[in-house]
Amino acid sequence: MPKSDASIDIESSDESKGKAPLIGDAKEKTSGLKKVMGICDFVLRLAAIIAALVAAATMGTSDETVPFFTQFFQVQASYDDLPTFRFFVIAMAVLAGYLVLSLPFSVFTMLRPNIVILRILLFILDIVVLSLSTASASAAAAIVYLAHSGNPNTNWQAVCQQFGDFCQKVSGAVVASFVAVVFLMLMVLLSGFILLKNAKK
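Heads up, my numbering is the position in the sequence shown plus 328, with the first residue counted as 1.
In structure tokens, the structure reads:
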């Protein structure tokens with residue numbers, strides 16, 4: 329009987345030794361996944377900064393002067409003629425500034441993935457700037473559509489035939505802003521996934 333007891337103890341100790349590395353491997357995989365998601369968050373922020381800066385710079389430099397009947401009469405089209413485009417430039421500048429300021433926090437959460445409070449703060453602020461950028465991009469897209477197609481019901485004439493370069497620039501700015509919006513959406517989804525992973529711990 330004593331021999332059987334000893335064998336049972338040896339087997340149980342072997343089983344416990346076999347389980348410990350499995351738990352350690354799971355923790356290492358989880359921490360590695362969090363670091364990968366943190367790197368993805370940082371890269372998405374950089375990409376969104378570039379897209380927002382391109383959108384703001386393109387819209388801010390969009391102006392064109394064309395002759396009206398003769399060279400003595402000229403008509404100018406500029407982004408600051410429309411409040412919607414001014415709001416667009418301000419919103420994209422605010423977005424780029426916020427993302428630049430959020431980069432150190434993103435790096436900190438990547439190095440310390442267990443700090444949930446900072447991740448929640450970034451998640452909330454990302455949603456706020458996502459709403460702002462989506463609103464400005466959508467409003468600018470509506471104006472660009474009217475500039476290209478016009479609206480006969482409201483006597484809004486299409487002006488892109490006369491101001492081709494101006495319309496091309498503002499259209500490019502709107503496209504860049506929607507690219508930034510897509511990056512922001514991916515950031516919010518990624519942050520939500522990270523928070524969900526932390527909640528399941």
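Where a beta carbon is used, it is the ideal one built from N, C-alpha and C, also for glycine.
In this structure, the beta-carbon distance from A501 to T386 falls below 8 Å. Remark: fewer than three beta-carbon pairs, one from each stretch, lie closer than 8 Å, so the segment 439 to 451 and the segment 494 to 508 are not flagged as touching.
Listed in chain order, the beta strand (DSSP E) elements of length 3 or more contained wholly in the segment 392 to 473 are 398 to 406.
By the Cβ test, the segment 479 to 490 is not in contact with the segment 504 to 517, since fewer than three Cβ pairs between them sit closer than 8 Å. At a Cβ-Cβ threshold of 8 Å, Y407 and V417 count as neighbours.
Beta bridge pairing from DSSP links N526 with no other residue. By the Cβ-count criterion, D454 is buried, with 16 or more other Cβ atoms from all chains shown falling within 10 Å of its own Cβ.
When secondary structure is reduced to three states using DSSP, N479 falls in the strand class.
Between the C-alpha atoms of L374 and Q496 there is a straight-line separation of about 25 Å.
Taking each of V435, M420, A486 and A469 in turn and checking the Cα distance to A475, the smallest one comes out for A486.
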